[in-house]
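Residues 385 to 566 (my numbering) make up the sequence shown, in order. We put the CB at the ideal spot given by N, CA and C, even for glycine. The structure appears below as structure tokens.
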Amino acid sequence: MAETIQNFLTEYYSIAIPLSILINIIISLLGVIPSIFLTAINIQLFGVTNGTIISIAGEALGAIISFYIYRIGLQKFTHDKVNKYPKVERLLYVQGREAFLLVLSFRLIPFIPSSIVTLFAALGKMSLLSFSIASTIGKIPALLIEVYSAYQVMNGTNEAKWIVTIAGCIGLYYLWKKWRKK
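This is the structure in structure tokens:
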């Protein structure tokens, strides 16, 4: 899939930036596909600095659009997910500064899926503007780590690639074991 997207963006390079942002929005809406492959493609096509800026823009717009769509269309269908994430459930009942700080802090925690934070914030009482600012600020540090990791894998030594591969396999094994328990 990554190769297909990279070829597509390369073929339509003159409009590759808005296309990349659109793909990032789709990834955010789906909520299950990690965006690191698109970050890596952005770095390859546009360089580290521009690729990072494009990825931040895409992730921010993806979160904002997902928030809006979740708020208007999914509220009645998603309340069954509330019980699975009790810590994030607080987002349903907070407003103002507390909601802002919760979204910001949840974005900084890599173990909470981005789509879950967006969903709970959308189902709660938080304003779109407050969510947009907190979410974007919170995504930047995580995205910078993602950019660094992708860059190191693409340009790093074989040892770095092996370490990332082994860590990824351990992570997948952990998720598989956790999923099997359910």
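Are three or more beta carbon pairs between the stretch 428 to 435 and the stretch 511 to 520 nearer than 8 angstroms?
-> Between the stretch 428 to 435 and the stretch 511 to 520, the count of C-beta pairs closer than 8 angstroms stays below three; the two stretches do not touch.
Range of the contiguous alpha helix (DSSP H) that encloses residue 385 | No alpha helix (DSSP H) contains residue 385, which DSSP labels as neither H nor E.
Nearest neighbour of residue 420, chosen from 489, 389, 399 [CA to CA] = 389
Residues near residue 426 in its chain [Cβ-Cβ closer than 7 angstroms; skip 5 each side] | The answer, listed in chain order, is 404, 435, 438, 439.
Excluding sequence positions up to five away, which residues of its chain have a Cβ less than 6 angstroms from the Cβ of residue 475?
-> 486, 504, 505, 508
Thinking C-beta only, is residue 457 closer than 8 angstroms to residue 413?
-> no
In whole angstroms, what separates the C-alpha of residue 629 from that of residue 549?
-> Given that the chain is displayed from residue 385 to residue 566, the structure contains no residue 629 and the question cannot be resolved.
Go to residue 523, then tell me how far its alpha helix (DSSP H) extends in each direction, as first and last residue.
-> 512 to 539
Just the Cα atoms here: how many angstroms apart are residue 530 and residue 423?
-> Taking the straight line from one Cα to the other gives about 8 angstroms.
As assigned by DSSP and simplified to three states, the class of residue 562 | Residue state, collapsed to three classes: helix.
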